[in-house]
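In numbering that gives the first Met the number 0, the protein residues as written are 0 to 287. Idealized CB from N, CA, C, for every residue including glycine.
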Amino acid sequence: MMWDRRAELGEFLRSRRARLRPEELGLTAYGQRRRVPGLRREELAQLAGVSVDHYIRLEQGRTLHFSAEVLDAVARALRLDPAERAHLHRLARPAPPVPPGVPATADRPPLRAGIHRMLASIHDVPAYLVDRDTTVLAWNRPAAALITDFGALPPEQRNMARLTFLDEGIRHLYADWPTRARDIVAFLRLDAGHELADASVAALVAELSAASDEFRRLWSEHRVKDKRHGRYLYRHPLVGELELAYEVLRLPDHPGLALVVHTAEEGSASETALRLLTTWAGQETPAP
Numbered sequence: 000m001m002w003d004r005r006a007e008l009g010e011f012l013r014s015r016r017a018r019l020r021p022e023e024l025g026l027t028a029y030g031q032r033r034r035v036p037g038l039r040r041e042e043l044a045q046l047a048g049v050s051v052d053h054y055i056r057l058e059q060g061r062t063l064h065f066s067a068e069v070l071d072a073v074a075r076a077l078r079l080d081p082a083e084r085a086h087l088h089r090l091a092r093p094a095p096p097v098p099p100g101v102p103a104t105a106d107r108p109p110l111r112a113g114i115h116r117m118l119a120s121i122h123d124v125p126a127y128l129v130d131r132d133t134t135v136l137a138w139n140r141p142a143a144a145l146i147t148d149f150g151a152l153p154p155e156q157r158n159m160a161r162l163t164f165l166d167e168g169i170r171h172l173y174a175d176w177p178t179r180a181r182d183i184v185a186f187l188r189l190d191a192g193h194e195l196a197d198a199s200v201a202a203l204v205a206e207l208s209a210a211s212d213e214f215r216r217l218w219s220e221h222r223v224k225d226k227r228h229g230r231y232l233y234r235h236p237l238v239g240e241l242e243l244a245y246e247v248l249r250l251p252d253h254p255g256l257a258l259v260v261h262t263a264e265e266g267s268a269s270e271t272a273l274r275l276l277t278t279w280a281g282q283e284t285p286a287p
């Protein structure tokens with residue numbers, strides 16, 4: 000199953016039009032009765048300063064050769080945030096050629112030994128490495144203690160999106176699971192715009208759409224979000240509640256890979272809980 004960029008582009012633009020109202024933007028409504036929510040194509044084209052036919056060709060994906068200026072005008076009219084704007088540009092332009100020597104996502108290159116050593120040397124905070132399709136490729140002891148024992152799972156189940164929607168333990172781990180669920184879907188949707196992720200993301204989306212009504216509903220909303228930083232409140236069965244911030248660091252020589260590191264605010268109760276958790280992890284959690 001491969002990713003249909005043109006279909007994704009059209010659905011994304013229609014979903015962004017649906018959240019806007021012409022009266023909020025100072026537009027004159029076309030007629031009195033509206034069959035669909037949000038802006039019509041004619042209204043969006045008027046707001047973006049492009050012809051109606053030009054915008055329709057964009058939304059229908061008739062070609063993927065639109066200029067950056069046209070895409071920026073449409074992004075401004077739709078009030079897209081930076082992540083949504085980047086997503087639009089990726090979908091509406093021809094996919095870049097795969098650099099020589101870069102394998103498909105299904106054939107991930109083995110991680111350098113130095114990456115594993117780096118993770119193993121991080122003793123005080125949870126850290127793990129994920130691919131574009133949210134597959135966890137490597138982790139340290141505190142990450143296994145906080146989230147789940149990844150080493151006890153088959154490799155195909157070491158996936159944050161799959162765990163979020165299909166694992167009851169993970170559902171109870173996040174104090175605000177609905178927010179976590181929306182975020183993981185938005186991360187996955189954004190990374191689906193990258194050509195190298197097409198096959199693996201499409202297969203994962205098909206699996207989760209069949210297995211989870213909640214995932215299917217969230218996926219249809221077409222939210223996108225870049226995973227750079229944030230925080231979640233955890234309810235851990237051993238140490239209780241702890242609020243952890245996360246930072247995401249990209250690996251420049253591994254396309255699509257990201258290192259996720261969790262930390263607690265200095266002097267907080269969460270820092271104490273995290274210290275207890277990492278101490279326990281060093282004693283009990285098997286090394287990956």
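Quick check on Leu273: does DSSP put it in helix, strand or coil? Position 274 of the sequence shown, counted from the first residue, corresponds to residue 273. Here Leu273 sits in helix by DSSP.
Work out the CA separation of Ala74 and Val184 for me, nearest whole Å. Taking the sequence shown and counting its residues from 1, one reaches residue 184 at position 185. Taking the sequence shown and counting its residues from 1, one reaches residue 74 at position 75. Near 21 Å, if we compare the C-alpha coordinates of Ala74 and Val184.
Who are the Cβ neighbours of Arg230 in its own chain at under 8 Å, not counting the five residues just before and after it? Taking the first residue of the sequence shown as 1, we reach residue 230 at position 231. Cβ within range, chain order: Glu242, Leu243, Ala244 and Tyr245.
Would Thr278 and Asp123 be called neighbours here (beta carbons separated by less than 7 Å)? Within the sequence shown, residue 278 is the residue found at index 279, counting from 1. Within the sequence shown, residue 123 is the residue found at index 124, counting from 1. No, the pair does not count as a contact, with Cβ atoms beyond the cut-off.
Spatially closest choice to Met159 from Pro141, Arg215, Leu189 and Tyr127, by CA coordinates: The count along the sequence shown starts at 1 and reaches residue 159 at position 160. If we check each option's Cα against that of Met159, Tyr127 comes out closest.
I'd like to know whether the C-beta atoms of Leu70 and Leu87 end up nearer to each other than 7 Å. As a first step, residue 70 must be located in the sequence shown, where it is residue number 71. As a first step, residue 87 must be located in the sequence shown, where it is residue number 88. Yes; because the gap between Cβ atoms is below 7 Å, this pair is in contact.
Our contact map puts Thr163 next to Arg179 with C-beta atoms below 8 Å; I'd like the distance itself, whole angstroms only. Your numbering for residue 163 matches position 164 in the sequence shown. Your numbering for residue 179 matches position 180 in the sequence shown. With 8 Å as the limit, Thr163 and Arg179 qualify as a contact, their Cβ atoms being about 6 Å apart.
Cβ of Asp252 within 7 Å of any chain C Cβ: Considering every chain present, this structure includes no chain C. It has just one protein chain.
According to DSSP, Val238 sits in a beta bridge with which residue or residues? Position 239 of the sequence shown, counted from the start, is the residue given in the question as residue 238. Its beta-bridge partners do not exist; DSSP assigns none.
Would the beta-carbon of Val129 fall within 7 Å of that of Ala257? The count along the sequence shown starts at 1 and reaches residue 129 at position 130. The count along the sequence shown starts at 1 and reaches residue 257 at position 258. Yes, the Cβ-Cβ distance between Val129 and Ala257 is below 7 Å.
Residues of its chain near Phe11, where Cβ-Cβ distance is below 6 Å and the 5 sequence neighbours each way are ignored: Indexing the sequence shown from 1 puts residue 11 at position 12. Here Phe11 has His221 as same chain residues with Cβ atoms under 6 Å from its own Cβ, once five neighbours each way along the sequence are excluded.
By Cβ distance, which residues of its chain are closer than 7 Å to Leu275, with the 5 residues on each side in sequence left out? Stepping through the sequence shown from its first residue, residue 275 is reached at position 276. Around Leu275, the same chain offers Val238 as residues with beta carbons nearer than 7 Å, after the five sequence neighbours per side are excluded.
Within the same chain, show all residues whose beta-carbon is closer than 7 Å to that of Val101, passing over the 5 residues directly before and after it, in chain order. Position 102 of the sequence shown, counted from the start, is the residue given in the question as residue 101. Legend: pLDDT at Val101 = 49, less than 50; position of this residue unreliable, no value from coordinates given.
Quick check on Asp132: buried or exposed, where buried means 16 or more other Cβ atoms within 10 Å of its Cβ? Working through the sequence shown from its first residue, we reach residue 132 at position 133. When all chains shown are included, Asp132 counts as buried.
Chain-order list of residues whose beta-carbon lies under 6 Å from that of Ala103 (same chain, five-residue window excluded): As a working note, residue 103 is residue 104 in the sequence shown. Low confidence applies to Ala103: its pLDDT is 48, below 50, so where it sits in the model is not reliable, and the reading given next is rough at best. Correct list: empty, nothing qualifies.
I'd like to check one pair, Glu270 with Ala307: are the Cβ atoms closer than 7 Å? No answer is possible for residue 307: it lies beyond the span of the chain, which begins at 0 and ends at 287.
Which listed residue (Glu7, Gly192 and Glu42) has its alpha carbon closest to that of Pro21: The residue labelled residue 21 in the question sits at position 22 within the sequence shown. Closest option to Pro21, Cα to Cα, is Glu42.
Buried or exposed for Ala151, please, with buried defined as at least 16 other CB atoms from any protein chain shown within 10 angstroms of its CB. Your numbering for residue 151 matches position 152 in the sequence shown. Per the 10 Å Cβ criterion, exposed.
Looking only at its chain, what residues have a beta carbon closer than 6 Å to the beta carbon of Ala191, apart from the 5 residues adjacent to it on each side? What you label residue 191 is simply residue 192 of the sequence shown in a count that begins at 1. Result list for Ala191: Val200, in chain order.
For Arg157, which residues in the same chain have their Cβ closer than 7 Å to its Cβ, ignoring the five residues on either side in sequence? Position 158 of the sequence shown, counting from 1, holds the residue named residue 157. Counting only Cβ-Cβ distances below 7 Å, and skipping sequence neighbours, we find Thr134, Val135 and Phe149.
Using the rule of at least 16 other Cβ atoms within 10 Å of the residue's Cβ for burial, across every protein chain shown, is Met0 buried or exposed? For the purposes of this step, residue 0 is taken as residue 1 along the sequence shown, with counting starting at 1. Residue confidence for Met0 is low, a pLDDT of 45 falling below 50, so the modelled location carries little weight; the figure read from the coordinates is stated next. Met0 should be labelled exposed.
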